[in-house]
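Chemist:
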Amino acid sequence: MTNDANSSKPIASAETIRTFRVMALTGYIGLLLFMVLWQLFYTQTSELSLTFRLLFWVLPLLFAAPGIIRGKPYTHAWANFILMWYFLHSLTLLWVATEAKYLAVAELVLTCIAFVGCTGYARTQGRAQGLGLKKLKDQT
Numbered sequence: 166m167t168n169d170a171n172s173s174k175p176i177a178s179a180e181t182i183r184t185f186r187v188m189a190l191t192g193y194i195g196l197l198l199f200m201v202l203w204q205l206f207y208t209q210t211s212e213l214s215l216t217f218r219l220l221f222w223v224l225p226l227l228f229a230a231p232g233i234i235r236g237k238p239y240t241h242a243w244a245n246f247i248l249m250w251y252f253l254h255s256l257t258l259l260w261v262a263t264e265a266k267y268l269a270v271a272e273l274v275l276t277c278i279a280f281v282g283c284t285g286y287a288r289t290q291g292r293a294q295g296l297g298l299k300k301l302k303d304q305t
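In terms of our numbering, the sequence shown opens at residue 166 and continues consecutively.
1. Compare the C-alpha of Gly232 against each of Pro225, Thr240 and Arg186 and name the closest.
2. Along the chain, where does the alpha helix (DSSP H) containing Ser255 start, and where does it finish?
3. Could you tell me whether the Cβ atoms of Cys283 and Ala244 are closer together than 8 Å?
4. Kindly list the residues whose CB is nearer than 6 Å to the CB of Gly195, restricted to its own chain and excluding five residues on each side of it in sequence; keep chain order.
5. What does the Cβ neighbour count give for Thr257, buried or exposed, with the cut at 16 atoms within 10 Å?
6. Using a Cβ-Cβ cut-off of 6 Å (strictly less than) and excluding sequence neighbours within five positions of Asn171, which residues of its own chain qualify?
7. Skipping 5 residues on each side, what residues in its chain have a beta carbon closer than 7 Å to that of Ile278?
8. Grab the span of the alpha helix (DSSP H) containing Gly297 for me, first residue to last.
9. May I ask which residues mark the beginning and end of the alpha helix (DSSP H) holding Tyr323?
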């Protein structure tokens, strides 16, 4: 089964789309909750205020949360730019802060699950809905 007569790309099964959606929701919402808990309970010795830390680490995740929850493919795609902040943060902590390695590993795992889920969902659901970017050669 294909999108249309001119396309040779098969539409993903509903099960594949649902799997990516569950991964995206689990990873993204999990990362959001994890960052709230991390800032509330595990960063007690920081010289930065709790309000600043919550704004810095939680607010970026809140920008895409409504679209992720509603299942919008476009939001899933651009949410990956936000996720890269947490990916880089976790890798940096693994390298420089051995006392926080378990927190960094948890952040890295949740970020990777969210990234794969968001990417897969945006691609498969976008194709199923006929969304996508036109190639330059097709625009003329």
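Think of the CB as a built atom: it goes at the ideal place given N, C-alpha and C, for glycine as much as any other residue.
As the structure is a prediction and not an experimental result, all values here were calculated from the model.
Modeler: On the basis of the data shown:
1. Each of Pro225, Thr240 and Arg186 was checked against the Cα of Gly232, and the nearest Cα belongs to Thr240.
2. In the DSSP assignment, Ser255 falls within the alpha helix (DSSP H) that extends over Pro238 to Val261.
3. Yes, the Cβ-Cβ distance between Cys283 and Ala244 is below 8 Å.
4. Counting only Cβ-Cβ distances below 6 Å, and skipping sequence neighbours, we find Leu275.
5. Classification for Thr257: exposed.
6. Legend: pLDDT at Asn171 = 45, less than 50; position of this residue unreliable, no value from coordinates given.
7. Closer than 7 Å at the Cβ level, and outside the excluded window around Ile278, lie Met188, Thr191 and Gly192.
8. Counting along the chain, Gly297 falls outside any alpha helix (DSSP H), and DSSP gives it neither H nor E.
9. With the chain running from 166 to 305 in the structure shown, residue 323 is simply not present.
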